[in-house]
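K.L.:
Here you go, one structure.
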Amino acid sequence: MHPGRTAQLTTLFVRPSLALLLATLPAATAPLAAQDGPSRPGIDIEAYRFELALRDDTDEIAGRATVTLRFTADGVTEVPLDLIGRGADGRGADGRGMEVLAVTDPGGGSLGFSHESDLLTVTLAEPGAAGERATFSVGYAGVPASGLRIGPNKYGERTFFSDNWPNRARNWLPTVDHIGDKATNEFIITAPAHYQVVSNGRLV
């Protein structure tokens, strides 16, 4: 890893897709596509914590997403998250898309998962009960197909810019990627020291 610095930012009750900006790049807008509801029966995502490592010698990012959820029904055994995958099974092309490396519980124990057709499904160690909470972490890496724009700005300076409206967070963040699904989120960014990390929310 290049010598760098880490910035920690906390953002309350906004979608993860609107939270990260490295350097400065004009924001692009996109029409709001028609979307059904989040359709995640039995769970309510309450918080995300994203730890991301960015480098100058590659467009590949390394991420760790910690997800905290509350069960709204008994007997839930699986948690589905949106995440664009690599290869023929996912929409990522030309080597782009995310590869899930591991899913673990808070104690570091491995959890089962499948990543097919751009849906990451985490298998919990035991069924959840309504009102209880659960936390797990997803380790992953890849080159975003969209969502996180990586490249030079009009001044020729390399930038990383989140442009995820309305549902492109799934290209680089494992989430319930729907504008109606609200959760707190926290970003911890490790990048070369010459970058400035800018975000809405609160710098911790």
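Numbering of the sequence shown is given in this note's numbering, commencing with residue 12 and proceeding in unit increments.
The beta-carbon is built from N, C-alpha and C at its ideal position, and this holds for glycine as well.
Indicate whether the contact test is met: 3 or more Cβ pairs, each with one atom in the stretch 84-98 and one in the stretch 47-62, closer than 8 Å.
P.N.:
Touching, yes.
K.L.:
Could you give the first and the last residue of the continuous beta strand (DSSP E) run that contains Leu65?
P.N.:
Per DSSP, Leu65 belongs to no beta strand (DSSP E) and is neither H nor E.
K.L.:
Would you mind giving the Cβ-Cβ distance between Ala58 and Thr186, rounded to the nearest angstrom? I have them listed as a contact below 8 Å.
P.N.:
Between Thr186 and Ala58 the Cβ distance is about 11 Å, and since that is not below 8 Å, they are no contact.
K.L.:
Among Phe172, Ser50 and Gly120, which residue has its Cα nearest to the Cα of Val208?
P.N.:
Nearest option by C-alpha distance: Phe172.
K.L.:
Sort Gly98, Gly162 and Gly153 by Cα distance to Asp67 and report the nearest one.
P.N.:
Comparing Cα-Cα distances from Asp67 to each of Gly98, Gly162 and Gly153, the minimum goes to Gly162.
K.L.:
Assign Asn211 to one of two classes, buried (16 or more other C-beta atoms within 10 Å of its C-beta) or exposed (fewer than that).
P.N.:
Exposed is the call here.
K.L.:
The beta strand (DSSP E) with His126 in it runs from where to where?
P.N.:
Note, His126: beta strand (DSSP E), Gly123 to Glu127.
K.L.:
How do the stretch 121-129 and the stretch 69-81 stand: do at least 3 beta-carbon pairs fall below 8 Å, yes or no?
P.N.:
As far as the Cβ criterion goes, the stretch 121-129 does not touch the stretch 69-81, which means the pair count is below three.
K.L.:
Ignoring anything shorter than 3 residues or poking outside the stretch 170-204, list the beta strand (DSSP E) runs there in chain order.
P.N.:
List check, beta strand (DSSP E) in window: 195-203.
K.L.:
Apply the 10 Å Cβ neighbour rule to Val215 and answer buried if 16 or more other Cβ atoms are within range, or exposed otherwise.
P.N.:
So Val215 counts as exposed.
K.L.:
Relative to the alpha-carbon of Leu159, which residue among Asn175, Met109 and Gly118 has its alpha-carbon at the smallest distance?
P.N.:
Per the Cα distances, Asn175.
K.L.:
Output the distance between the C-alpha atoms of Glu143 and Leu92, rounded to the nearest integer angstrom.
P.N.:
Approximately 19 Å between the Cα atoms of the pair.
K.L.:
Should Gly150 and Ala180 be called a contact, given that it needs their Cβ atoms to be closer than 7 Å?
P.N.:
No. Outside cutoff.
K.L.:
Who are the near neighbours of Ala156 in its chain, counting only those whose CB is closer than 6 Å to its CB and skipping five residues on each side?
P.N.:
Only Ile95, Gly103, Arg107, Gly108 and Asn182 meet the Cβ criterion.
K.L.:
Please confirm whether Leu80 and Ala140 have their CB atoms less than 7 Å apart.
P.N.:
It is not a contact, given that the beta carbons lie outside the stated cut-off.
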